[in-house]
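Just below is one structure, and these are the notes that go with it.
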Amino acid sequence: WGEHMHHGYYGPTGKEKKDRRQAQIDLIEEFLKWAGVEQAEQILDVGCGIGGSS
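This note's numbering puts the sequence shown at residues 8 to 61.
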């Protein structure tokens with residue numbers, strides 16, 4: 008799995024072509040958008056476990 012221990016985001020349809028690592032990074036970015044985070048803040052990531060996003 009590498010640094011990130013979660014599945015990726017492959018666009019709104021789930022069918023965008025991209026490598027797994029980029030999809031994992033994109034998923035982190037989508038989480039931040041969905042949470043309404045616009046700038047650096049203190050965020051509690053409950054249940055994250057290990058990985059780059061933690």
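Just so you know, even glycine gets a beta-carbon here, dropped at the ideal spot from N, CA and C.
E36 (DSSP reduced to helix, strand or coil): helix
CB contact flag (Y16, E45, <8 Å): no
Cβ separation of H14 and L34, assumed to be a contact under 8 Å, to the nearest whole Å: Here H14 really is in contact with L34; their C-beta atoms are around 7 Å apart, less than 8 Å.
Classification of Q31 by the beta-carbon crowding that lies within 10 angstroms, buried from 16 upward: buried
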